[in-house]
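Peer 1: What follows is a single structure, and I will ask about it in a moment.
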Amino acid sequence: MTAASTCFTRSPPASIRIIPSMAAPSKQVGLPVRLRAGTMGAKNFSMWETPMGTGWRIPCALALALGATPAAAQKVWRHAIIEAKSDAGFAMMVTRGFAEKQGLKLEIQQIKADQIGLKALLAGELDSYEGGPGGAIVAAARGADLKILGCHWPGLVHGLFARESVAKVEDLRGKNIAISSPGALPDLLIRAVLEKQGIAPTEVKFANMGSDTDRYKALTVGVVDAAIVSTEYLPIAPKTVTLLATGREALPSFMRVCMITSGKALADKPDEVVRFLAAEMSALRHAVANRAEEIDLTREITKAKPDDPRPGFIFDEATRHKDIDPEISLPMEKLAWMQEMLIKNGSLPKPVDLAKVVAPGVRAKALELAK
């Protein structure tokens, strides 16, 4: 056992880079951030700092420096997740030794919206990100060299929440609806819901409001009339806010999140991408099978209070409805449905060959590695 390994009980130092948010770079621990200045902005793009408590910082920083040789031999993979919320344990379980077992040093970053991850990937600042496949399909149709590796959240845990003035979807005409950013999952989901009810996007007003937390807060204080947010807020929503529709019921073929990379990353890091996907598969299998551990990890990351019901609620929702797929499948029929939806709502002018937007070979190799 190295000096560095004694500092961690569940998160081996070789599997993750410890860097605080770009919003506060003055107290950096570990390696320097190598991002292009001003490309994404500190408010939307930040390096992930694994919360380890306060006691580890000084002695472990020294131990990491002394025991850095094994980590240096590992291959780096840069990945981004949507800003941590009550399902964070699923996204971050891979840092609990699963990446290290695959010989990877995983750098995880959190972003406000998947469109930010898409831009960072195309700029070469990421190797992969988790985001809605719709945005990747649209970007690919416009010439971006993107590859969908697989979809680990085929089901939607998002829903359409509204204030008392909106009793049904038809009442949304003329109302303000909070989304994250154009082309991101909340935007595509609300457009699909509106299209299903025969409401044109021009009949409502969209408000770009970043993360689920931002949108939920705006809804509860009355800044907007409705919002697309995770159903994790259902247990704590005030009586003035109701759930009008769940994504999984309104749009059963709409997929929430996939693992997305670039053609360049595949070419430059063919071995790493397979190992990364295999690590994610193993981590997700473990998370689904270990409720208490996933919830504890979520609470640790989000700093949720012990009596906060959301981590347990979203775990039960996701597993009961099979919203999460540890095998990270590639359901081509659902991708085809999403492309049709994008064409119908005007986000996509013409179809793209989906076979060129997926990388089934990587998934096949990862499945073998994750056995």
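Residue numbers (my numbering): 302 to 672. Glycine is no exception: its CB is placed at the ideal position from the N, C-alpha and C atoms.
Residue 614 to residue 378, Cα distance in whole Å?
Peer 2: For the purposes of this step, residue 614 is taken as residue 313 along the sequence shown, with counting starting at 1. For the purposes of this step, residue 378 is taken as residue 77 along the sequence shown, with counting starting at 1. C-alpha separation (whole angstroms): 31 Å.
Peer 1: Within the continuous beta strand (DSSP E) that includes residue 430, where are the two ends?
Peer 2: Numbered from 1 along the sequence shown, position 129 holds the residue referred to as residue 430. Run containing residue 430: 429-432, per the beta strand (DSSP E) assignment.
Peer 1: Output yes or no for whether 8 Å exceeds the beta carbon distance between residue 663 and residue 598.
Peer 2: Residue mapping note: residue 663 aligns to position 362 of the sequence shown, counting from 1. Residue mapping note: residue 598 aligns to position 297 of the sequence shown, counting from 1. Not in contact: residue 663 and residue 598 (Cβ atoms no closer than 8 Å).
Peer 1: Using 10 angstroms around the beta-carbon of residue 364, count the other beta-carbons present and answer buried if the total reaches 16, otherwise exposed.
Peer 2: Position 63 of the sequence shown, counted from the start, is the residue given in the question as residue 364. Low confidence applies here, because residue 364 scores a pLDDT of 34, under 50, leaving its location unreliable; read the following figure in that light. By the 10 Å Cβ count, residue 364 comes out buried.
Peer 1: I need the straight-line Cα distance from residue 474 to residue 504, nearest angstrom please.
Peer 2: Translated into positions along the sequence shown, residue 474 becomes position 173. Translated into positions along the sequence shown, residue 504 becomes position 203. Approximately 5 Å between the Cα atoms of the pair.
Peer 1: Might you give, ordered along the chain, the residues of its own chain that have their beta carbon closer than 6 Å to the beta carbon of residue 547, omitting 5 neighbours on each side?
Peer 2: As a first step, residue 547 is located in the sequence shown; it is residue number 246 there, counting from the start. Excluding sequence neighbours, residue 547 sits near 460.
Peer 1: List the whole-angstrom C-beta distance separating residue 582 from residue 667, where the pair is believed to meet the contact cut-off of C-beta under 8 Å.
Peer 2: Numbered from its first residue, the sequence shown carries residue 582 at position 281. Numbered from its first residue, the sequence shown carries residue 667 at position 366. 6 Å between Cβ atoms; contact.
Peer 1: What do you reckon, are the CB atoms on residue 407 and residue 563 nearer than 8 Å?
Peer 2: As a working note, residue 407 is residue 106 in the sequence shown. As a working note, residue 563 is residue 262 in the sequence shown. Not in contact: residue 407 and residue 563 (Cβ atoms no closer than 8 Å).
Peer 1: For my contact list, residue 405 and residue 629 are in at a C-beta cut-off of 8 Å; report their separation, rounded to the angstrom.
Peer 2: Position 104 of the sequence shown holds residue 405. Position 328 of the sequence shown holds residue 629. The pair is not a contact, with the Cβ atoms about 16 Å apart (cut-off 8 Å).
Peer 1: Here's the rule I'm using: 16 or more other beta-carbon atoms within 10 Å means buried, otherwise exposed. How should residue 414 be labelled?
Peer 2: Taking the first residue of the sequence shown as 1, we reach residue 414 at position 113. Buried: at least 16 other Cβ atoms inside 10 Å.
Peer 1: Expressed to the nearest angstrom, what Euclidean distance is found between the alpha-carbon atoms of residue 631 and residue 454?
Peer 2: For the purposes of this step, residue 631 is taken as residue 330 along the sequence shown, with counting starting at 1. For the purposes of this step, residue 454 is taken as residue 153 along the sequence shown, with counting starting at 1. Distance between the alpha carbons of residue 631 and residue 454 is about 11 Å.
Peer 1: When you compare the stretch 649-659 with the stretch 432-441, are there three or more beta-carbon pairs, one atom per stretch, that lie closer than 8 Å?
Peer 2: Contact between the stretch 649-659 and the stretch 432-441 is present, because at least three Cβ pairs lie under 8 Å.
Peer 1: For the stretch 600-615 against the stretch 424-432, do three or more pairs of beta-carbon atoms, one drawn from each stretch, fall closer than 8 Å, so that the two count as touching?
Peer 2: The stretch 600-615, when compared against the stretch 424-432, does not touch it at the 8 Å Cβ threshold.
Peer 1: Could you tell me the distance, in whole angstroms, from the CA atom of residue 369 to the CA atom of residue 376?
Peer 2: By 1-based counting over the sequence shown, the position of residue 369 is 68. By 1-based counting over the sequence shown, the position of residue 376 is 75. Low confidence applies to residue 369: its pLDDT is 38, below 50, so where it sits in the model is not reliable, and the reading given next is rough at best. Rounded to whole angstroms, residue 369 to residue 376 spans 13 Å at the Cα level.
Peer 1: Along the chain, where does the alpha helix (DSSP H) containing residue 548 start, and where does it finish?
Peer 2: Taking the sequence shown and counting its residues from 1, one reaches residue 548 at position 247. It spans 548-551 - the alpha helix (DSSP H) in which residue 548 sits, taken as one unbroken run.
Peer 1: How about residue 464 and residue 526: are their beta carbons less than 8 Å apart?
Peer 2: Indexing the sequence shown from 1 puts residue 464 at position 163. Indexing the sequence shown from 1 puts residue 526 at position 225. Result yes, Cβ atoms of residue 464 and residue 526 sit closer than 8 Å.
Peer 1: For a test of the three-state rule: what should DSSP assign to residue 261, helix, strand or coil?
Peer 2: What the structure shows of the chain is the stretch from 302 to 672, and residue 261 is not part of that stretch, so it cannot be assessed.
Peer 1: Does the distance from the CB of residue 580 to the CB of residue 399 come in under 8 Å?
Peer 2: Within the sequence shown, the letter at position 279 stands for residue 580. Within the sequence shown, the letter at position 98 stands for residue 399. Yes. Within cutoff.
Peer 1: In this structure, how does DSSP classify residue 417 when only helix, strand and coil are distinguished?
Peer 2: Stepping through the sequence shown from its first residue, residue 417 is reached at position 116. Residue 417 falls in the helix class under three-state DSSP.
Peer 1: The beta strand (DSSP E) spanning residue 645 covers which residue range?
Peer 2: Here residue 645 corresponds to residue number 344 of the sequence shown, with the count starting at 1. Note, residue 645: premise wrong, no beta strand (DSSP E); alpha helix (DSSP H) at 633-645.
Peer 1: Judging by CA-CA distance, which residue of 557, 425, 488 and 494 is the nearest neighbour of residue 472?
Peer 2: Reading the sequence shown from its first residue, position 171 is the one you call residue 472. Among 557, 425, 488 and 494, the Cα nearest to that of residue 472 is on 494.
Peer 1: Along the chain, which unbroken stretches of the alpha helix (DSSP H) at least 4 residues long are found entirely within the stretch 514-578?
Peer 2: List check, alpha helix (DSSP H) in window: 548-551 and 564-569.
Peer 1: If you measure between the beta carbons of residue 511 and residue 481, is that distance less than 8 Å?
Peer 2: Here residue 511 refers to the residue found at position 210 when the sequence shown is read from its first residue. Here residue 481 refers to the residue found at position 180 when the sequence shown is read from its first residue. Result yes, Cβ atoms of residue 511 and residue 481 sit closer than 8 Å.
Peer 1: So, with DSSP's three-state summary, where would you put residue 494?
Peer 2: The residue given as residue 494 occupies position 193 in the sequence shown. Correct three-state label for residue 494: helix.
Peer 1: List the whole-angstrom C-beta distance separating residue 506 from residue 478, where the pair is believed to meet the contact cut-off of C-beta under 8 Å.
Peer 2: The count along the sequence shown starts at 1 and reaches residue 506 at position 205. The count along the sequence shown starts at 1 and reaches residue 478 at position 177. The Cβ separation is near 7 Å, so the contact holds.
Peer 1: Using the C-alpha atoms, what's the distance from residue 640 back to residue 519?
Peer 2: Locating residue 519 in the sequence shown gives position 218, where the first residue counts as 1. Locating residue 640 in the sequence shown gives position 339, where the first residue counts as 1. Whole-angstrom Cα-Cα distance: 30 Å.
Peer 1: Cβ of residue 458 within 8 Å of Cβ of residue 532?
Peer 2: Position 157 of the sequence shown, counted from the start, is the residue given in the question as residue 458. Position 231 of the sequence shown, counted from the start, is the residue given in the question as residue 532. Closer than 8 Å, so yes.
Peer 1: May I ask you to report which of helix, strand or coil DSSP gives residue 662?
Peer 2: As a position in the sequence shown, residue 662 is number 361, starting the count at 1. Helix, per DSSP.
Peer 1: Exposed or buried, what is residue 349 when buried is set at 16 or more other beta-carbons lying within 10 Å of its beta-carbon?
Peer 2: The count along the sequence shown starts at 1 and reaches residue 349 at position 48. The predicted model places residue 349 with a pLDDT of 42, which falls under 50 and marks its position as unreliable, so this point remains unresolved.
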